[in-house]
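Per the numbering used here, the very first residue in the sequence shown carries number 28; after that it's consecutive. The block underneath contains the structure these notes are about, expressed in C-alpha cells.
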Amino acid sequence: MILPTDIPTRAEIDRLLDYRAPWSVSIYLPTDPASNGDPERIELKTLVAQASSQLRQAGAGARVLRQFEDEISYLDYDEGFWRHQARSLATFVAPERLITFRLPNRLLSRVVVSDRFYLRPLLRSLTFPHVAFVLALAQGSVRVVEVTPELDPAPINVDDLPSDVAGAVGKSSIADRAPSRRIQGSEGQKVRMRQYARQVDRALRPLLNGLEVPLILAATDPIDSIYRSVNTYPHLLAQGISGNPETVSDGELATRARTVLDDFYAAQLRDLQQLYGQRSAEGRALSDVAEVARAATFGAVGTLLVDIDAAVPGSVDDQTGAVTFARAASGDVQDVTDEIARRAWLSGARVLAVRRGDIPGRGALAAILRYAR
C-alpha cells in the first residue's frame with residue numbers, strides 16, 4: 028500500500044503563501060501510519076486548545092474562536108481520515124477554510140497563530156521527502172517497491188506491468204529463433220529487452236504521473252542501460268542499485284535505496300554549497316538577513332537555503348524589503364526568515380528548508396542571486 032501522502036504542489040504552496048487573513052492557524056502534528064488514529068486525535072485536541080488560547084491572547088472574539096473550533100472539529104469526526112496517515116500532518120485553518128497535508132517527513136508538534144500560514148516546515152517535505160519508488164528490473168521479473176522513512180517497504184501493484192522479457196514480446200524464451208527482419212543472437216535479445224523496457228515504462232506512467240518522487244532503478248546491464256534509454260519519467264535517479272534484484276529482498280532494496288537517497292540529497296547540498304562559494308566571489312551570494320530580505324523583495328534570489336528551525340522576529344517592509352528586528356514575535360511582528368522564504372518562493376526562486384549545518388556560513392539563511400549586485 029502506498030504511504031498516504033498529500034505532498035503539496037508548487038501551485039498549492041503559492042496559494043497558501045498568498046493567503047492573508049487575521050486569525051490564521053497553522054498546526055503541525057507527528058502521525059504514525061500504523062496507528063488507528065486515536066493518539067493523533069488526542070494530540071490534535073491538545074494543539075487545538077493551544078491555538079484557541081493563542082487566539083484569545085491575540086484578541087480574537089468569541090465568534091472567531093467558535094469558527095475556528097467548528098472548522099477543525101470536522102477532522103475529529105472523519106474516521107477514515109485518521110486511519111490513513113503518513114508521518115506528519117500539516118493543518119491550516121482560517122475562517123471558512125480548512126486545508127490538510129499528510130507528509131512523509133517527521134515534523135515536531137507546533138502551533139502558530141498569525142495573519143498568514145506558517146509554511147517553512149511544509150517546505151521541508153518538498154526539499155528532502157525521503158520517499159522513493161524502486162523499480163527492480165530483471166529479464167525474468169519486475170516489481171515496484173515503495174520506500175518511506177522508518178517503515179517497511181511496500182510492494183506496489185501496477186496494472187499492465189509485464190512479468191518478464193519473454194512474456195512482454197509474446198515468446199516462451201528470448202533465446203529462441205530470431206525475431207522479424209532476421210536480427211539474431213545478442214542483438215535480437217536486446218531488441219526484445221527494449222520492447223520489454225518500453226512496456227514497463229508505459230505501465231508506470233499512471234502511477235508516476237504528476238509526481239516528483241525519485242525513481243531508483245535496481246538492475247544490471249544490459250537492461251539497466253536499456254531501460255534508462257527509453258525511460259520517460261524525469262525523476263529517475265542517475266545512481267541506481269547494482270546487482271541482480273531477483274536475489275535481493277524488498278527489505279534490502281529499501282535499505283540500499285535509502286543510501287541512494289542520502290547520497291542524492293547530500294550531492295545536491297554539496298553542489299549548492301560549492302556554487303555559493305563561487306557566486307560569493309562574483310558578488311552573487313548573500314547570508315546577511317537584511318540583505319537577503321531586500322534581494323527577495325525585488326525578485327533577485329535564484330536559490331535560497333533557509334534554516335528550518337531558525338526564528339528571527341521582526342517585520343519586512345512590503346515595498347523596500349527593509350527589516351525591522353524585534354525581541355519576540357507578536358502581533359504585527361513575524362518571523363523574518365519565513366517572510367523572506369515566502370517572497371523568494373513567490374518570485375520563482377528555488378527554496379530549500381534545511382538544517383543550519385547545511386547552510387554556508389552556518390547562518391539562518393543563504394541566498395544565491397540571479398545576477399550580480
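The beta carbon of each residue, even a glycine, is placed where N, CA and C say it ideally should be.
Grab me the residues of residue i's own chain with a C-beta within less than 7 Å of its C-beta, minus the 5 sequence neighbours each way, in chain order.
i, result
"K217", "P249, I253"
"A284", "A159, V161, V174, I243, I268"
"R143", "Y46, R47, S51"
"D187", "A230"
"S199", "Unreliable positioning characterises S199 in this predicted model, as indicated by a pLDDT of 49, which lies under 50. The coordinate reading is nonetheless provided below. Around S199: A193."
"E98", "V120, L125"
Based on the DSSP output, what are the partners of residue i in its beta bridges?
i, result
"S51", "S141"
"P182", "V172"
"G215", "According to DSSP, G215 bridges with nothing at all."
"V378", "L331"
"I126", "F119"
"Q361", "G341"
"L396", "V328"
"T351", "S342"
"V161", "V172, I243"
"L313", "A394"
I believe residue i touches residue j by the beta-carbon criterion, under 8 Å. Please report the beta-carbon distance rounded to the nearest angstrom.
i, j, result
"L264", "P272", "Actually they are not in contact, since the Cβ atoms of L264 and P272 sit about 15 Å apart, beyond 8 Å."
"A380", "V333", "6 Å"
"A393", "Y303", "6 Å"
"T58", "Q112", "4 Å"
"G267", "D251", "7 Å"
"G341", "T324", "Going by Cβ atoms, the distance from G341 to T324 rounds to 14 Å, so no, they are not a contact pair."
"A312", "R147", "That belief does not hold up - the Cβ atoms of A312 and R147 are roughly 21 Å apart, past 8 Å."
"A195", "Q222", "6 Å"
"L134", "P60", "Not confirmed; about 14 Å, so no contact."
"P387", "Q300", "5 Å"
Tell me which residues share the same chain as residue i and place their Cβ nearer than 6 Å to its Cβ, disregarding the 5 neighbours each side in the sequence.
i, result
"L231", "none"
"F128", "D33, P35, A117"
"A371", "A323, V328, L331, V378"
"I201", "With a pLDDT of 49 at I201, under the threshold of 50, the predicted position of this residue should be treated as unreliable, and no value is reported."
"A87", "W50"
In or out: residue i buried (at least 16 other Cβ within 10 Å) or exposed?
i, result
"R204", "Interpretation of R204 is limited by its pLDDT of 49, a score under 50 that renders its predicted location unreliable; the figure taken from the coordinates is listed afterwards. Counting Cβ neighbours within 10 Å, R204 comes out exposed, since fewer than 16 surround it."
"S207", "Residue placement at S207 cannot be trusted, given a pLDDT of 49 that sits under 50; the coordinates are not used to answer."
"N63", "exposed"
"E366", "buried"
"G375", "exposed"
"G215", "buried"
"E308", "The sequence shown places Ala at residue 308, rather than the Glu named in the question. Exposed, by the Cβ-count rule."
"S152", "buried"
"P261", "exposed"
"P66", "exposed"
"I69", "exposed"
"R389", "exposed"
"D362", "buried"
"T364", "buried"
"R219", "buried"
"Q226", "buried"
"A224", "buried"
"D298", "exposed"
"P180", "buried"
"Y101", "exposed"
For residue i, I'd like the list of residues in its chain whose CB is within less than 8 Å of its CB, leaving aside the five on either flank, ordered along the chain.
i, result
"F160", "V171, V172, E173, V174, I183, L234, L235, V240, P241, L242, I243"
"L92", "S79, L82, R83"
"A317", "A349, V350"
"L382", "Note that residue 382 is Arg in the sequence shown here, rather than Leu. D334, I335, D336, listed in sequence order."
"F291", "P241, L264, Q266"
"T247", "A165, S269, G270, N271"
"L373", "D41, L44, D45"
"V339", "V316, F352, D362, V363, T364, A391"
**Study point:** Continuous alpha helix (DSSP H) assignments of at least 4 residues falling wholly in the segment 47-95
**Key:** 65-84
Query - Any alpha helix (DSSP H) of 4 or more consecutive residues that is wholly inside the segment 242-304 - result: 250-257
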